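Visitor: Count the sequence shown with our numbering and you get residues 4 to 440, in order. Have a look at this one before I ask anything.
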Amino acid sequence: LTLQNNKELKAKEYESKKSIEDLKEAQGYKKGKLEFSEQISRTNNAGYVFGMKLASREASFADFGFDEFLYHWGAGSTSNVLLSTEPDKLNNPDARNNFETKLTFAMPLYTGGKLESAAAMAKLQIKANKAKLSHDKKQIGLEVLKAYNGAVAAKKFIGMTKNAKVITNRFNQKAQELYDRRLVRIIDVKQSKMAAYSVDAKIEEAQTKFKLAIAYLQFLTSDNTITDVEEFTIFSLDKSTLDTLQKDAISTRDDYKWMQLNTDTMKKKIVFDGAAEKPMVGTHFEYGMNNDTLNTPFNIHENDYYVAAIGLTYTLFDGDITKAKKQKAKIDYLKTKNYFEYMKEGINLQVKKNYLDFQTQTSTLKQKVKTQAMAEDILKETEDMFANNLKFRTNMMYLLMQLENMLKVQADVIMSQYDQTITSAKLKLSIGSSLKR
4 LTLQNNKELK AKEYESKKSI EDLKEAQGYK KGKLEFSEQI SRTNNAGYVF
54 GMKLASREAS FADFGFDEFL YHWGAGSTSN VLLSTEPDKL NNPDARNNFE
104 TKLTFAMPLY TGGKLESAAA MAKLQIKANK AKLSHDKKQI GLEVLKAYNG
154 AVAAKKFIGM TKNAKVITNR FNQKAQELYD RRLVRIIDVK QSKMAAYSVD
204 AKIEEAQTKF KLAIAYLQFL TSDNTITDVE EFTIFSLDKS TLDTLQKDAI
254 STRDDYKWMQ LNTDTMKKKI VFDGAAEKPM VGTHFEYGMN NDTLNTPFNI
304 HENDYYVAAI GLTYTLFDGD ITKAKKQKAK IDYLKTKNYF EYMKEGINLQ
354 VKKNYLDFQT QTSTLKQKVK TQAMAEDILK ETEDMFANNL KFRTNMMYLL
404 MQLENMLKVQ ADVIMSQYDQ TITSAKLKLS IGSSLKR
């Protein structure tokens, strides 16, 4: 069976791709940012108009109101009059259009290790999510196996109940034959018919469970062509000792790798959150032009400008906010590290449980198969006793009790086979192996 169309798995694959974009984002900040802007405005605000003219290199003495100054000066006005003159052109300029076009480029030069640690965290998370996705694939594989073997079990129940139907029909036929010969009572005939009706209901229930099991299998695999199953899928395991399996699990488990990478990520986060304690250095470059008409390649040389700057920012005091963030990151790291160590113990326990469960189920299944064979023999002998009613005193009730006992044992064997297959898969997964054949 394939998982390539499983919807849950596809969603998890998309989720794992986010960490790749996180890395691109962290690396992108180091490359800086280039922006283009075009600001178009119109105003008669004296400060803005004068600033726009200066920016476009169009300011003249007339804009300062020097014509009024010269007029009063020529008229012999005193210095007090000259200095108190309010130039009309400066204070009440005509409205002006302004087209401000510019390119800006800003790039961090040093961030106290913040960008570097962010990139390192993103790289670790790419690996972590890859390990998590591999683990999730295996877990979904277990669900598919449960569904498949569940359908096999349901199919075996159908076969078991249909065989029981054949047996009850034989009982009914024999009971009717003996009744016609006045060798048994009518209650024996009725009991055999009642048993047949009960088996009919069980057949219908088993068929419904099989249909539901197939539907669930189709759902997990997104494959509606699946309509039948064959035998139980069980995984054979080598003769490795428990200690060997536990050691192998630590080195091969995907969820263990995922937790280890998460621990490393949390360690990097300490540097990330503490970066504000160090100075920040950045560069800024700007090239632009201002004009009262739209700037074109033919006129930019007349009023263009540039700004180049390097800046340093150093936080002297922030109320211990950065210190608190860094301390929280340390606590999160220690907490994750502790869970990581705890996980090692949990893996060893999980492997041991599955290992012992599989051994026990393998051993008990052999005994249950023997019990099944014995129950089938007892039923056959009891049926012979009923058929030879004159020699061996028995009745239909006792015969049906033996049939019920046999069905219980057969059902127990089927479920034990199912449980053994699932435990074999769990043991295989617990040591980090895949369920792929």
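Heads up, the beta-carbon is just placed ideally off N, CA and C, and yes, glycines get one too. From a predicted model like this one, the values you see are computed outputs, not experimental measurements.
1. Comparing alpha-carbon positions, which option in Ile-23, Thr-107, Ala-122 and Gln-413 lies nearest Met-292?
2. Throw me the rounded Cβ distance for the Lys-439 and Ser-225 pair, which I believe falls under 8 Å.
3. Alpha carbon to alpha carbon, how far is Ala-414 from Ala-154? Give it in angstroms, no decimals.
4. Alpha carbon to alpha carbon, how far is Lys-394 from Leu-186?
5. Find the nearest neighbour of Met-124 within the set Asn-265, Asp-335, Glu-280 and Lys-260, judged by alpha-carbon distance.
6. Hey, could you find the ends of the beta strand (DSSP E) Arg-99 is sitting in?
7. What is the C-beta distance between Asn-408 and Ala-378, in whole angstroms, given that I count them as a contact (C-beta under 8 Å)?
8. Between the C-alpha atoms of Gly-314 and Thr-296, what's the straight-line distance to the nearest angstrom?
9. Report buried or exposed for Tyr-421, applying the criterion of at least 16 other Cβ atoms within 10 angstroms of its Cβ.
10. Restricting to Cα atoms, I'd like to know which of Tyr-342, His-287 and Val-354 is closest to Pro-111.
11. Give the straight-line distance between the Cα atoms of Ser-239 and Thr-255, rounded to the nearest whole angstrom.
12. Cα separation between Val-192 and Ala-150?
13. Helix, strand or coil for Gly-162, going by three-state DSSP, please let me know.
14. Less than 8 Å between the C-beta atoms of Ser-419 and Leu-368, yes or no?
15. I'd like the list of long-range same chain contacts for Ile-253, defined as Cβ closer than 7 Å, with 5 residues on each side in sequence excluded.
16. If contacts are defined as beta-carbon pairs under 8 Å, then Ala-204 and Ile-417 qualify, I think. What distance do you get, rounded to the angstrom?
17. Within its chain, find whatever has a CB closer than 7 Å to the CB of Thr-164; leave out the 5 residues flanking it on each side and keep chain order.
18. Return the chain-ordered list of same chain residues with a C-beta closer than 6 Å to the C-beta of Ile-262, the five sequence neighbours on each side being excluded.
19. Can you tell which of Ile-143, Ser-63, Gln-30 and Ala-327 has the C-alpha that lies nearest to the C-alpha of Leu-12?
20. Buried or exposed: where does Asn-357 fall if 16 or more other Cβ atoms within 10 Å of its Cβ makes it buried?
21. What are the residues that DSSP puts in a beta bridge with Ile-313?
22. How is Ile-237 classed by DSSP in three states: helix, strand or coil?
23. Could you tell me which residues DSSP puts in a beta bridge with Ile-43?
24. Going by CA-CA distance only, name the one from Pro-90, Ala-62, Phe-213 and Leu-223 that's closest to Val-232.
25. Can you have a look at Ala-121 and say buried or exposed, based on whether 16 or more other CB atoms are within 10 angstroms of its CB?
26. Excluding the 5 residues flanking Gln-30 on each side, which residues of the same chain have their C-beta closer than 6 Å to its C-beta?
27. Give a yes or no on whether the C-beta atoms belonging to Asn-294 and Phe-102 are separated by under 8 Å.
28. Could you compute how far the alpha carbon of Gln-362 sits from the alpha carbon of Ile-161?
29. Going by C-alpha to C-alpha distance, which of Asn-132, Asp-91, Pro-90 and Lys-431 sits closest to Glu-18?
30. Quick check: the Cα distance between Thr-397 and Phe-389, rounded to an integer number of angstroms?
31. Below 8 Å on the Cβ atoms is my guess for Arg-45 versus Ala-98; work out the distance and round it to an integer in Å.
32. On the DSSP letters alone, give me the boundaries of the alpha helix (DSSP H) that Leu-220 sits inside.
33. Per DSSP, what are the beta-bridge partners of Gly-291 in this structure?
34. With a cut-off of 8 Å on the beta carbons, I'd call Ala-311 and Gly-115 a contact; round off their distance for me.
Guide: On the basis of the data shown:
1. When each option's Cα is compared against that of Met-292, the closest is Thr-107.
2. Not a contact, Cβ separation roughly 18 Å.
3. 14 Å
4. Because the pLDDT of Lys-394 is 48, which lies under 50, any placement of that residue in the model is unreliable, and the question is left without a value.
5. Asn-265
6. 99 to 113
7. 6 Å
8. 33 Å
9. Around the C-beta of Tyr-421, 16 or more other C-beta atoms lie within 10 Å, and the residue is accordingly described as buried.
10. His-287
11. 19 Å
12. 41 Å
13. helix
14. yes
15. Tyr-259, Lys-347 and Ile-350
16. The Cβ separation is near 18 Å, so there is no contact.
17. Val-202, Lys-205, Ile-206 and Ala-209
18. Residue 262 is actually Met in this sequence, not Ile. Answer for Met-262: Phe-343 and Met-346, listed in chain order.
19. Ile-143
20. In this structure Asn-357 is buried. Its beta-carbon is surrounded by 16 or more other beta-carbon atoms within 10 angstroms.
21. Thr-286
22. coil
23. Phe-102
24. Phe-213
25. With 16 or more Cβ atoms within 10 Å of its Cβ, Ala-121 is classed as buried.
26. Ala-122
27. yes
28. 28 Å
29. Measuring C-alpha to C-alpha distances from Glu-18 to each of Asn-132, Asp-91, Pro-90 and Lys-431 identifies Asn-132 as the nearest.
30. 6 Å
31. 6 Å
32. 189 to 224
33. According to DSSP, which records beta bridges pairwise, Gly-291 is partnered with Lys-105 and Tyr-308.
34. Their Cβ separation, rounded to whole angstroms, is 23 Å, which puts Ala-311 and Gly-115 out of contact at 8 Å.
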